[in-house]
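In full-length UniProt numbering, the protein residues as written are 1 to 63.
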């Protein structure tokens, strides 16, 4: 998705740990993971709605 490799992810984690500390880092990771989960669900929902609309339009054009 973002084309981030393992080395870059480790560097981000180390910098985050140094800047935020262990307790705040846990909270930050949980918040980011929730945000990603919600974003994926929203993207899937939008994609499904668009596909449904395209199917309806295709069926209407065939008639």
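Even glycine gets a Cβ: it sits at the ideal position worked out from N, Cα and C. Here the structure is a predicted model, which means the values were calculated and not measured.
One Cα belongs to residue 17, the other to residue 57, and the distance between them is close to 51 Å. For the pair residue 35 and residue 25, the Cα-to-Cα distance works out to about 15 Å. Close CB contacts of residue 42 within its chain, under the 6 Å cut and outside five residues either way in sequence, are absent.
By a beta-carbon distance limit of 8 Å, residue 20 contacts residue 28. Their separation comes to about 6 Å.
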